[in-house]
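K.L.:
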Amino acid sequence: MATRVHHGSLPPLLLLVLAAALPAGALRFDLHSGHTKCISDDIKVGAMAVGKYHIVAPDDGTPSLLSSSSQQQLPDSHRISLRVTSPYGNSLHYAENVHSGNFAFTAPEAGDYLACFWAPDHRPPVTVAFEFDWRSGVSARDWSTVAKKGQVETMEVELRKLEDTIKSINEEMFYLREREEEMQELNRRTNSRMAWLGFLSFAICLSVAGLQLWHLKNFFERKKLL
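Here the sequence shown stands for residues -2 to 223, where the numbers follow the numbering used here.
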């Protein structure tokens, strides 16, 4: 999951390297019954995204996944529903009243993807705790599986991970450059429209002032004051 860190003193490339080097882990959230919580992730087109989620048993702070026996011991109120949507509102994953689940997709378009969780409305209200692990891009790849399948040495795996990270940073830089060009073009169009609006407002003000002078002149002439 992309985490936005605001450090004005660090260059963008260093921030990207640090973000790629940070380990991704599951995040824990508290969801009140009858409420919705949405989490967004900015994913570029063609990037792989995977997610896992599960309910944490009440009064249980362990981060491990629930087993089938512990799921059966959960009360009926401790269930959640999830819908993952693309930037254009297309549904990519949907699950209703579940204890856990996972999803995977390849981003069809670039932008902010939303994962919205909600809990059923109960009386009295309850709080459902769940953990959510959402990864995209390089962090979405299971390198342990790659190493096992390829029977490669640890150093080679690390080099492949570094190569993939560099490619991801390069693609991210091009993506940011495209977004910057789009924003600059939008600023140019906005400035041009504001200039025309200012000119139009000035012309309207001059026209109204001329009409007022003409009206006052005719009024004084009829009153024979001029």
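Ideal placement from N, C-alpha and C gives every residue a C-beta, glycine not left out.
Between which two residues does the beta strand (DSSP E) holding residue 222 run?
P.N.:
Counting along the chain, residue 222 falls outside any beta strand (DSSP E), and DSSP gives it neither H nor E.
K.L.:
Closer than 6 Å by C-beta to residue 42: which residues in its own chain qualify, once you throw out the five before and the five after it? Chain order, please.
P.N.:
104, 106, 107
K.L.:
How many whole angstroms separate the CB atoms of residue 237 and residue 114, which I take to be in contact at a CB cut-off of 8 Å?
P.N.:
Since the displayed the chain opens at -2 and closes at 223, residue 237 lies outside it and no answer follows.
K.L.:
Suppose the cutoff is 8 Å on Cβ atoms and the five residues either side in sequence are ignored; what does the same chain contact list for residue 84 look like?
P.N.:
106, 107, 108, 109, 110
K.L.:
Once the 5 residues before and after residue 31 are set aside, which same chain residues still bring their CB inside 6 Å of it?
P.N.:
118, listed in sequence order.
K.L.:
Taking the DSSP output, what are the residues bridged to residue 49?
P.N.:
Here residue 49 is bridged, per DSSP, to 99, 130.
K.L.:
Nearest-angstrom Cα distance between residue 81 and residue 95?
P.N.:
15 Å
K.L.:
Using the C-alpha atoms, what's the distance from residue 175 back to residue 211?
P.N.:
54 Å
K.L.:
Bridge partners for residue 37 per DSSP, in chain order?
P.N.:
111
K.L.:
Leaving out five residues before and five after residue 27 in sequence, what residues of the same chain have Cβ atoms less than 6 Å from its Cβ?
P.N.:
124, 126
K.L.:
Should residue 23 go down as buried or exposed, given a rule of 16 or more other Cβ atoms within 10 Å for buried?
P.N.:
buried
K.L.:
Compute the beta-carbon to beta-carbon distance between residue 79 and residue 101, rounded to the nearest angstrom, for a pair I have assumed lies under 8 Å.
P.N.:
With a contact defined as Cβ atoms closer than 8 Å, residue 79 and residue 101 miss out at about 14 Å.
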